[in-house]
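Colleague: Following this message is one structure expressed as structure tokens.
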Amino acid sequence: MSVSVGSVTFDRVSYDREADVLYLSSGDPGQAVDFDESQEGHALRYDSDGRLVGITIVGARRLLEQDEIVVTPPQLRVDGEELAAALAAA
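Spelled out as structure tokens, the structure:
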């Protein structure tokens, strides 16, 4: 089973019924090197290129019973080297 959130498709989906936690991962969950939190309090995991590779949603069943799960990632990240190159070219 896979789940898509926006333009990201997560190919690993697991649910802990006892803790009511939904885990979504794209590829190997161990590839995450950076972590953040969405406005809604969901844990977001990013790979070394800044791509979203995982989301952990606590209280997933409760949120679904309210008819929605909202995940708003923070602003897209820009690599410092890419930004420096763009500024130099401007």
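Quick note: the sequence shown uses this note's numbering, first residue 12, plus one each step. Where is the CB? At the ideal position from N, CA and C, for every residue including glycine. Please read these numbers as outputs of a predicted model, since none were measured by experiment.
#1: Taking contact to mean at least 3 C-beta pairs separated by less than 8 Å, is the segment 41-54 in contact with the segment 15-30?
#2: In terms of alpha-carbon separation, which member of Ala54, Val69, Arg73 and Val64 lies closest to Arg23?
#3: Where does the unbroken beta strand (DSSP E) through Ala54 begin, and where does it stop?
#4: Taking the beta carbon of Ser15 as the centre, do at least 16 other beta carbons fall within 10 Å, making it buried, or is it exposed?
#5: Taking the Cβ atom as the reference point for each residue, do Val19 and Arg62 lie within a distance shorter than 9 Å?
#6: Give the straight-line distance between the Cα atoms of Gly107 and Phe21, rounded to the nearest whole angstrom.
#7: In whole angstroms, give me the CA-to-CA distance for Glu51 and Tyr57.
Modeller: Once the coordinates are examined:
#1: no
#2: Val64
#3: Ala54 to Tyr57
#4: exposed
#5: yes
#6: As displayed, the chain neither begins before 12 nor continues past 101, which places residue 107 out of reach and without an answer.
#7: 17 Å
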